[in-house]
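Worksheet for the structure shown next.
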Amino acid sequence: ITSELPPYGSLALGAADLNPMEVLRAYTVYPTYGMRITPIAITRIEDRNGNVVRSYSPARTRILTEQEAFIVTTILEDVVEKGTGRYGVRGQGFEWPAAGKTGTTNDSTDAWFVGFTPEFITLTWVGFDRKQRIRYNGTGGVLAAPVWTDFMKVAHEGLEMPEEGFPEPPGLEHVDVTTRTGMLAAGFCGMASYNEIMIPGTEPQHYCNAPREDTGV
Numbered sequence: 001i002t003s004e005l006p007p008y009g010s011l012a013l014g015a016a017d018l019n020p021m022e023v024l025r026a027y028t029v030y031p032t033y034g035m036r037i038t039p040i041a042i043t044r045i046e047d048r049n050g051n052v053v054r055s056y057s058p059a060r061t062r063i064l065t066e067q068e069a070f071i072v073t074t075i076l077e078d079v080v081e082k083g084t085g086r087y088g089v090r091g092q093g094f095e096w097p098a099a100g101k102t103g104t105t106n107d108s109t110d111a112w113f114v115g116f117t118p119e120f121i122t123l124t125w126v127g128f129d130r131k132q133r134i135r136y137n138g139t140g141g142v143l144a145a146p147v148w149t150d151f152m153k154v155a156h157e158g159l160e161m162p163e164e165g166f167p168e169p170p171g172l173e174h175v176d177v178t179t180r181t182g183m184l185a186a187g188f189c190g191m192a193s194y195n196e197i198m199i200p201g202t203e204p205q206h207y208c209n210a211p212r213e214d215t216g217v
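The numbering of the sequence shown is our numbering, which starts it at 1 and goes up by one.
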């Protein structure tokens, strides 16, 4: 990863071993609107009378803007609503606003799901102490997401569900783009379209089709 990107950006592909706490730490950026939080095990120590003797706060670091974090959150919401996490979350009857991501390593040796609501962020991992295949189709959506859902159902008992799950921060634009090309949509395009959330200045500059390099049109 370099600090200077080519004109059209870059994409890094590959795999790396991370423990569940490292993955969870990375995903704290999204429900906090851009703040990375380092999880800690103890937040306070109380005496026998309930008086707080010592308290601890996790480290917080600004990683993304509120707008950038919100856009990724909307993508992760799609994972729960209609993606690989739908069966394990919505299919198991969890109705709270939620977003998340499934994960499966090669040969189904690890399966995980990290998800969050406006109240909690939780990660579940399924696997063996020594790397070996869990089972056929041992994906994060099939194995880990239902475990996450069972826990989150209990964790949210007695809490009031918010009317708006993840409020949109100011400074974003809603743009109609075509489903086929991702360019600006218009009636003369003759293409299906949908509304996309974008940071001002990043929206497409052309209608219907991507610009041709030979003419710049």
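C-beta: ideal position from N, C-alpha, C; glycine also.
Query                                                                                                                                                                                : Result
With a 10 Å radius around its C-beta and 16 neighbouring C-beta atoms as the bar for buried, classify T43 as buried or exposed.                                                      : exposed
Looking only at its chain, what residues have a beta carbon closer than 6 Å to the beta carbon of R180, apart from the 5 residues adjacent to it on each side?                       : M191
Looking only at C-alpha atoms, which of T109, Y56, G93 and R130 sits nearest to I37?                                                                                                 : Y56
Is DSSP giving G50 helix, strand or coil here?                                                                                                                                       : coil
Rounding to the nearest angstrom, what Cα-Cα distance links V142 and N106 in this structure?                                                                                         : 15 Å
Just list the residues that DSSP pairs D176 with in beta bridges.                                                                                                                    : N195
Our contact map puts T34 next to R62 with C-beta atoms below 8 Å; I'd like the distance itself, whole angstroms only.                                                                : Strictly speaking, residue 34 in this sequence is Gly, with Thr absent from that position. The Cβ separation is near 6 Å, so the contact holds.
What span of residues does the alpha helix (DSSP H) with T73 cover, start to end?                                                                                                    : E66 to K82
At what residues does the beta strand (DSSP E) containing L159 begin and finish?                                                                                                     : Looking at the DSSP string, L159 is not in any beta strand (DSSP E), and its letter there is neither H nor E.
Between which two residues does the alpha helix (DSSP H) holding L143 run?                                                                                                           : From DSSP, L143 is part of no alpha helix (DSSP H); its letter is neither H nor E.
Nearest to R130 by alpha carbon, out of V177, V147 and S108?                                                                                                                         : S108
Hey, out of E22, W148, H156 and Q205, whose CA is closest to Y87's CA?                                                                                                               : W148
Spell out a yes or no on whether the segment 183-197 and the segment 148-167 are touching, meaning 3 or more CB-CB pairs, one atom from each, closer than 8 Å.                       : no
Please work out which residues of its chain come closer than 8 Å, Cβ to Cβ, to V80, disregarding the five sequence neighbours upstream and downstream, and give them in chain order. : R86, V89, R90, A98, A99, G100 and G115
Does the Cβ of I219 have 16 or more other Cβ atoms within 10 Å, making it buried, or fewer, making it exposed?                                                                       : Nothing can be reported for residue 219: it is not among the residues displayed for the chain, which extend from 1 to 217.
Short of 6 Å in beta carbon distance, which residues of its chain neighbour M198, apart from the five on each side in sequence? Order them along the chain.                          : E173 and V175
Counting along the chain, where does the alpha helix (DSSP H) carrying L24 start and finish?                                                                                         : P20 to Y27
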